[in-house]
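With our numbering as the guide, the letters of the sequence shown map in order to residues 73 to 434. C-beta atoms are modelled at their ideal positions from N, C-alpha and C, and glycine is treated no differently. Below: one structure, written as structure tokens.
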Amino acid sequence: MCGNAGLFIGCAALSYCPQALLTGPTDPVADAAPGSGAPPAAGSAPPQPPGADGQDGYRSPFGSWYERSAVRSTPRREIPAEHGNDRFFSADLVPVARHPLVQGLPRPVHDQVLIQHLYRYLDFTAKLETLVVNRTAVGIAQGSVGLPLPDAMRIDAYRIYCDEAYHALFSADLAQQVRQRTGIAPLLPAEPFFLRRLRALTADGRQDLAALVELLFVTVSETLISASLSEVPNDPMVVPAVSESIRDHAMDEGRHHAYFAAFLHHLWGSLDIRQRQRAALLVPDLIDAFLQPDREAVRAELAGYGLTTDESYQVVAEVFTDEVVAQHTAATARQTVRHFAGLGVLDVPEVQERFLASGLTC
Ligand SMILES: [Fe+2]
Ligand SMILES: [Fe+2]
């Protein structure tokens with residue numbers, strides 16, 4: 073990989089270096105496809121990467137990073153030994169907790185529903201940051217992603233790397249504090265749902281696109297996540313450490329969103345027409361992989377609280393209706409879709425149809 077593969081044999085980054093994709097031989101299947109007579113490919117005339125010399129056209133959103141990032145400016149968020157009657161997560165943000173069958177559970181059991189949701193959120197965060205986002209951040213910082221990026225973007229990628237590592241740390245720390253305060257052990261899947269779905273997208277006949285899929289997934293998730301975090305209100309019933317951690321995270325992710333919107337611009341400009349079209353067609357699946365609820369895990373958890381199998385199926389079916397999931401996906405993804413639309417991605421009928429079929433508009 074980029075001249076240093078031997079030094080890092082076995083390193084996870086070896087599996088995703090997209091330089092081969094961007095500079096290597098073109099896809100023989102795509103080559104065989106009729107090119108000139110085909111409809112315009114995704115973003116057939118998008119702007120080129122800003123700054124052909126890779127040095128300008130980038131406005132860093134990290135100007136006050138040393139003063140304002142969570143890792144540099146916020147204290148450890150601690151849950152006091154005495155937290156009174158406070159909950160550990162807002163029931164307003166846990167859809168199953170509002171279902172009548174779950175609301176009817178005894179208070180200590182209902183508290184557990186919220187605590188397990190918090191554990192899932194914290195585990196999701198720690199794994200997203202360390203296993204996915206920071207693989208890309210370090211690739212950008214060290215120049216192994218094969219894109220001619222401005223030096224300032226590479227330095228900012230190190231700042232993102234620090235931010236994400238801290239988000240993982242304070243998530244793991246908070247989970248440990250909750251466990252110490254409550255004595256309730258986390259019930260977590262071996263790996264978060266989004267990771268399983270991401271792996272399925274990078275396998276299944278798309279091996280040649282695996283590197284690009286991961287870059288796109290990070291870009292998509294980093295522009296979705298700030299929308300997700302901005303939904304979190306200040307709930308006076310929730311222990312302050314939880315709300316404060318989420319707020320700390322949201323502040324950083326606002327900067328990351330701006331960064332990855334700029335990164336997408338550079339990435340798109342470095343792809344050829346065929347790659348743009350193939351990449352564009354993947355975006356709805358990537359958004360879906362990030363936002364879909366893990367219905368099976370929720371069902372299994374509900375059964376553990378004493379609900380019958382039928383009741384657990386009923387709760388999940390009634391809470392996560394197709395309509396509700398579609399509305400949430402469309403609303404959360406709107407700004408992400410706008411970024412792609414701004415590159416001309418939706419000008420291609422096939423791509424536009426794929427986005428519309430997935431309920432994605434801007
Ligand atoms: Fe983060
Ligand atoms: Fe981030």
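Using only alpha-carbon positions, find the residue among 432, 321 and 213 that is nearest to residue 143.
Sequence index remark: in the sequence shown, residue 143 carries index 71 (1-based). Out of 432, 321 and 213, 321 has the C-alpha closest to the C-alpha of residue 143.
Cβ-Cβ separation, residue 160 to residue 311 (assumed contact under 8 Å), whole Å:
As a position in the sequence shown, residue 311 is number 239, starting the count at 1. As a position in the sequence shown, residue 160 is number 88, starting the count at 1. Right, their Cβ atoms sit about 6 Å apart.
Contact check, residue 353 vs residue 273, beta carbons under 8 Å:
Counting from 1 along the sequence shown, the entry for residue 353 is found at position 281. Counting from 1 along the sequence shown, the entry for residue 273 is found at position 201. Not in contact: residue 353 and residue 273 (Cβ atoms no closer than 8 Å).
Do residue 236 and ligand 1 come close, with the Cβ less than 7 Å from some heavy atom?
Sequence index remark: in the sequence shown, residue 236 carries index 164 (1-based). Yes.
Would you grab the beta carbon distance between residue 199 and residue 264 for me? Rounded to a whole angstrom, and I think it's under 8 Å.
In the sequence shown, counting from the first residue as 1, residue 199 sits at position 127. In the sequence shown, counting from the first residue as 1, residue 264 sits at position 192. With a Cβ gap of about 5 Å, residue 199 and residue 264 count as contacting.
Closer than 8 Å is the cut-off here; do at least three beta carbon pairs connect the region 170-181 with the region 190-198?
no
With which residues is residue 388 paired in a DSSP beta bridge?
Residue mapping note: residue 388 aligns to position 316 of the sequence shown, counting from 1. None; residue 388 has no bridge partner.
Rounded straight-line distance, which links the Cα of residue 414 to that of residue 346
By one-based count along the sequence shown, residue 346 stands at place 274. By one-based count along the sequence shown, residue 414 stands at place 342. Taking the straight line joining both Cα atoms gives about 18 Å.
By how many angstroms is the C-alpha of residue 314 removed from the C-alpha of residue 410?
Along the sequence shown, read from residue 1 onward, the residue named residue 410 stands at position 338. Along the sequence shown, read from residue 1 onward, the residue named residue 314 stands at position 242. Cα atoms of residue 410 and residue 314: separation of roughly 31 Å, rounded to the nearest angstrom.
Pair within 8 Å by beta-carbon distance, residue 226 and residue 215:
Residue numbering aside, residue 226 sits at position 154 when the sequence shown is read from its first letter. Residue numbering aside, residue 215 sits at position 143 when the sequence shown is read from its first letter. It is a contact, given that the beta carbons lie within the stated cut-off.
Given residue 138, which residues of its chain have a CB within under 8 Å of its CB, disregarding the five upstream and five downstream residues?
As a working note, residue 138 is residue 66 in the sequence shown. Correct list, in chain order: 144.
Under the three-state reduction of DSSP, which class applies to residue 251: helix, strand or coil?
To locate residue 251, count along the sequence shown from 1; it is residue 179. It is helical.
Say whether the region 316-335 touches the region 286-296, bearing in mind that this needs 3 or more beta-carbon pairs closer than 8 Å, one atom from each stretch.
Touching, yes.
Under 8 Å, do residue 363 and residue 401 count as touching if we go by C-beta distance?
Position 291 of the sequence shown, counting from 1, holds the residue named residue 363. Position 329 of the sequence shown, counting from 1, holds the residue named residue 401. It is a contact, given that the beta carbons lie within the stated cut-off.
Short check: CB of residue 235 to CB of residue 132, under 8 Å?
One-based indexing of the sequence shown puts residue 235 at position 163. One-based indexing of the sequence shown puts residue 132 at position 60. Not in contact: residue 235 and residue 132 (Cβ atoms no closer than 8 Å).
So, helix, strand or coil for residue 159, using DSSP?
Here residue 159 is taken as the residue at index 87 of the sequence shown, counted from 1. The answer is strand: DSSP assigns residue 159 an E or B state.
Find the nearest neighbour of residue 150 within the set 316, 395 and 344, judged by alpha-carbon distance.
Position 78 of the sequence shown, counted from the first residue, corresponds to residue 150. With distances taken between Cα atoms, residue 150 lies closest to 316.
Residue burial classification, residue 389 (beta-carbon count within 10 angstroms, cutoff 16):
Here residue 389 refers to the residue found at position 317 of the sequence shown. Its Cβ having fewer than 16 others within 10 Å, residue 389 is exposed.
Can you tell me where the alpha helix (DSSP H) with residue 192 in it begins and where it stops?
Position 120 of the sequence shown, counted from the first residue, corresponds to residue 192. Counted as a single uninterrupted DSSP element, the alpha helix (DSSP H) harbouring residue 192 occupies residues 179-199.
With 16 other CB atoms within 10 Å as the buried threshold, where does residue 141 fall?
Stepping through the sequence shown from its first residue, residue 141 is reached at position 69. By the beta-carbon neighbour count (other beta carbons within 10 angstroms, threshold 16), residue 141 is buried.
Residue ranges of each alpha helix (DSSP H) within the region 327-412, 4 or longer
345-363, 367-376 and 381-391
Taking C-beta to C-beta, are residue 204 and residue 233 nearer than 8 Å?
By 1-based counting over the sequence shown, the position of residue 204 is 132. By 1-based counting over the sequence shown, the position of residue 233 is 161. Taking 8 Å as the Cβ cut-off, residue 204 and residue 233 do not qualify as a contacting pair.
Helix, strand or coil at residue 310 according to DSSP, with G and I counted as helix:
Here residue 310 refers to the residue found at position 238 when the sequence shown is read from its first residue. Residue 310: strand per DSSP, three-state reduction.
Just mark residue 368 as buried or exposed, buried being the case when its beta carbon has 16 or more other beta carbons within 10 Å.
Locating residue 368 in the sequence shown gives position 296, where the first residue counts as 1. Answer is exposed; the Cβ neighbour count stays below 16.
Within the same chain, show all residues whose beta-carbon is closer than 6 Å to that of residue 260, passing over the 5 residues directly before and after it, in chain order.
Sequence index remark: in the sequence shown, residue 260 carries index 188 (1-based). Here the set comprises 195.
Per-residue DSSP class, three states only, for residue 256
By 1-based counting over the sequence shown, the position of residue 256 is 184. Residue 256 falls in the coil class under three-state DSSP.
Between the Cα of residue 308 and those of 187, 372 and 164, spot the shortest distance and give me the residue it belongs to.
Here residue 308 refers to the residue found at position 236 of the sequence shown. Checked all of 187, 372 and 164; the closest Cα to residue 308 is 164.
Do residue 432 and residue 339 come within 8 Å of each other at the CB atom, strictly closer than that value?
Numbered from 1 along the sequence shown, position 267 holds the residue referred to as residue 339. Numbered from 1 along the sequence shown, position 360 holds the residue referred to as residue 432. No, they are not a contact pair.
Residue 325: beta carbon under 7 Å from a heavy atom of ligand 1?
Locating residue 325 in the sequence shown gives position 253, where the first residue counts as 1. Residue 325: yes, Cβ under 7 Å from ligand 1.
If I'm right that residue 377 touches residue 181 with Cβ under 8 Å, what's the distance once you round it to whole angstroms?
The residue given as residue 377 occupies position 305 in the sequence shown. The residue given as residue 181 occupies position 109 in the sequence shown. Confirmed, about 5 Å.
Among 129, 162, 186 and 157, which one has its Cα closest to the Cα of residue 374?
Counting from one through the sequence shown, the residue named residue 374 turns up at place 302. If we check each option's Cα against that of residue 374, 186 comes out closest.
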